[in-house]
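Each remark here refers to the structure printed beneath this line.
In the working numbering, the protein residues as written are 378 to 512.
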């Protein structure tokens, strides 16, 4: 016969273990349906920081330092492919337009991704870190 005292601690431990696994699994998924912001400071003379709004199917709206447009993320496991669509070029200083072009090129060159809680990294020749917006 099993006593109640020996069952309760075991079940409590199993429940605590299961609860710790759920957030880790949820935090490792690609951020479809989420908005995130580049982990960078604004450029001099600007308050804007690049932002990606990734839809449930990977369709993405990009709001960069100067330019805006659309793109598409395709994901298989930890492999990622980003294809930029046409960008709307606003009247901006040349340095911001160049920074946008470099950011798009770095996203397009990324071959893998990793998520660590609220931070998503796109990894290629350059590593880009984005903070998932919690609002």
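Ideal placement from N, C-alpha and C gives every residue a C-beta, glycine not left out.
- A distance below 7 Å between beta-carbons, with the five flanking residues on each side excluded, links residue 425 to the following residues of its chain, in chain order: 419, 442.
- Taking a contact to require three or more Cβ pairs closer than 8 Å, the stretch 486-502 and the stretch 463-477 do not qualify as touching.
- For residue 481, the enclosing alpha helix (DSSP H) has its first and last residue at 471-486.
- If you look at residue 491, you'll find it in the beta strand (DSSP E) that goes 489-493.
- A Cβ-Cβ distance of about 5 Å is found for the pair residue 449 and residue 460, placing them in contact under the 8 Å criterion.
- As computed with DSSP, residue 450 is found in a beta bridge with 459.
- Rounded to whole angstroms, the Cβ separation of residue 508 and residue 428 is 10 Å, and the two are not in contact under 8 Å.
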